[in-house]
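Visitor:
2 protein chains.
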Amino acid sequence: MTEKGSGAPVARTVLQQCLQARLQVKPADEHSEAEFVQIERGMVIYICFFKGANDDILPKMVSSLLNLRLCEADSGKLVSVLDLPGSVLIVPQATLGGKAKGRGMQYHNNISKEDGLRLYDIFVSLCEKELKASAGSEADVTVEHGTYGNRQVLKIDTNGPYTHLMEF
Amino acid sequence: MTEKGSGAPVARTVLQQCLQARLQVKPADEHSEAEFVQIERGMVIYICFFKGANDDILPKMVSSLLNLRLCEADSGKLVSVLDLPGSVLIVPQATLGGKAKGRGMQYHNNISKEDGLRLYDIFVSLCEKELKASAGSEADVTVEHGTYGNRQVLKIDTNGPYTHLMEF
Chain A
1 MTEKGSGAPV ARTVLQQCLQ ARLQVKPADE HSEAEFVQIE RGMVIYICFF KGANDDILPK
61 MVSSLLNLRL CEADSGKLVS VLDLPGSVLI VPQATLGGKA KGRGMQYHNN ISKEDGLRLY
121 DIFVSLCEKE LKASAGSEAD VTVEHGTYGN RQVLKIDTNG PYTHLMEF
Chain B
1001 MTEKGSGAPV ARTVLQQCLQ ARLQVKPADE HSEAEFVQIE RGMVIYICFF KGANDDILPK
1061 MVSSLLNLRL CEADSGKLVS VLDLPGSVLI VPQATLGGKA KGRGMQYHNN ISKEDGLRLY
1121 DIFVSLCEKE LKASAGSEAD VTVEHGTYGN RQVLKIDTNG PYTHLMEF
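Those protein sequences? They're chains A and B, same order as listed. Residue numbering for the first sequence is 1 to 168, as defined by this note's numbering. Residue numbering for the second sequence is 1001 to 1168, as defined by this note's numbering.
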């Protein structure tokens, strides 16, 4: 699965296709209700960075994920989310870095929160840029994303998630 | 991530926590409506077997997956799905064996459909047996599962999926 020729992966993604997905980006508090973002048809990207990840891998990751033929067009043919065209929901998911030790999970290989947030922000920006460049501004597709470090309250509705794992 | 000491993994699972999940087990046809199974709070297990997988790994896989502390109890503490107690929805997901080649995905390492179905059936039975043994027959938890080889029309509602990858 590792797309690098050698060495341990520095990022792990899980990809699911959706008809609709909704994610909480701000929990409710005493002053306001919870806030959500939502996409219609497209792809959910769960993402986790490991120690050793740096900015250099991001353009290739984004290009690869958005151009892989993982989405089912109306014709039944598999096309990329850019070609669909579909929307993208990016979900930071540090749990993806978990490794079982006994009955518990450890996350020792995860990147620091500070570095992870920085890479996550750039990853989101690159996805937005690439989707915009591909779809044009008039297309009804967007990139939405969760708040790094928060609980990712997620609801997803699929016609088959076609779950894939991609590591970089 | 690989739980075996050495060698390539023979099974890949992705685990998500849910408040509710619903899966189609029979598509609609001209005679009848689509049929679904549904669980409430618990865990969704997406599963894919690779070439080389055999019956021997199944008891350990099931025991590991059902006993890992991946679920959030009401107290906020992490407990296993058996301890929650929660339900389990098993989703066959051959796409998890995909490997990118150019812009397409290849599944050359996946087990044959016949062998995969056999292992899947045993996996489901073992999960049912272990949940029943742990929860007792009066507990309101179940194991539900998708139809191997079908499209997995899935809807999932979470309070945070806490997506984990476990390979065996």
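Quick reminder that beta carbons are idealized off the backbone N, C-alpha and C, glycines included. Please read these numbers as outputs of a predicted model, since none were measured by experiment.
#1: I'd like the span of the alpha helix (DSSP H) that includes B:Arg-1050, first residue to last.
#2: Tell me, please, whether the region 1077-1088 of chain B touches the region 1030-1037 of chain B by the rule of three or more beta-carbon pairs shorter than 8 Å.
#3: Report yes or no: is there a C-beta of chain A within less than 8 Å of the C-beta of B:Tyr-1162?
#4: With 8 Å set as the bound, which would you pick, yes or no: does the beta-carbon of A:Gly-146 sit closer than that to a beta-carbon of chain B?
#5: Quick one, which residues of the region 1049-1074 of chain B are near chain A if we go by CB-CB under 8 Å, in chain order?
#6: Tell me, please, whether the region 107-120 of chain A touches the region 1074-1083 of chain B by the rule of three or more beta-carbon pairs shorter than 8 Å.
#7: Sort A:Glu-167, A:Arg-151 and A:Ile-156 by Cα distance to B:Glu-1072 and report the nearest one.
#8: Would the beta-carbon of B:Ile-1045 fall within 8 Å of that of B:Val-1010?
#9: What's the gap between the Cα of A:Ser-63 and the Cα of B:Glu-1128?
#10: Under 8 Å between beta-carbons, which chain A residues line up against B:Ser-1080? List them in chain order, please.
#11: Give a yes or no on whether 8 Å exceeds the smallest Cβ distance from A:Ala-133 to chain B.
#12: Could you check whether the Cβ of B:Asn-1159 sits closer than 8 Å to any Cβ belonging to chain A?
#13: Contact defined as beta carbons within less than 8 Å: I believe B:Met-1090 pairs with B:Val-1143. What is the distance between those atoms, to the nearest angstrom?
#14: Identify which residue in A:Val-14, A:His-31, A:Ser-32 and A:Gly-42 has its Cα closest to the Cα of A:Arg-22.
Guide: Here's the rundown:
#1: Residue identity differs from the one stated: residue 1050 of chain B is Phe in this sequence, not Arg. First-last for B:Phe-1050: undefined, no H or E at that position.
#2: Because the criterion of three Cβ pairs below 8 Å is not met, the region 1077-1088 of chain B and the region 1030-1037 of chain B do not touch.
#3: Yes, B:Tyr-1162 counts as interfacial toward chain A.
#4: Taking CB atoms only, A:Gly-146 has no neighbour in chain B less than 8 Å away.
#5: In summary, the residues of the region 1049-1074 of chain B whose CB is separated from some CB of chain A by less than 8 Å are Ser-1064, Asn-1067, Leu-1068, Arg-1069 and Leu-1070, in the order they occur in the chain.
#6: With contact defined as three or more Cβ pairs closer than 8 Å, the region 107-120 of chain A and the region 1074-1083 of chain B are not in contact.
#7: Nearest C-alpha to B:Glu-1072: A:Arg-151.
#8: No, Cβ-Cβ distance for B:Ile-1045 and B:Val-1010 is not below 8 Å.
#9: Cα-Cα distance, rounded: 42 Å.
#10: Neighbourhood of B:Ser-1080 in chain A, by CB distance below 8 Å: Arg-103, in chain order.
#11: Output row for A:Ala-133: interface = no.
#12: Yes, B:Asn-1159 counts as interfacial toward chain A.
#13: Reading off the sequence shown, one finds Ile at residue 1090 of chain B, where the question assumed Met. Your pair B:Ile-1090 and B:Val-1143 checks out as a contact, with CB atoms roughly 7 Å apart and the cut at 8 Å.
#14: Answer by Cα proximity: A:Gly-42.
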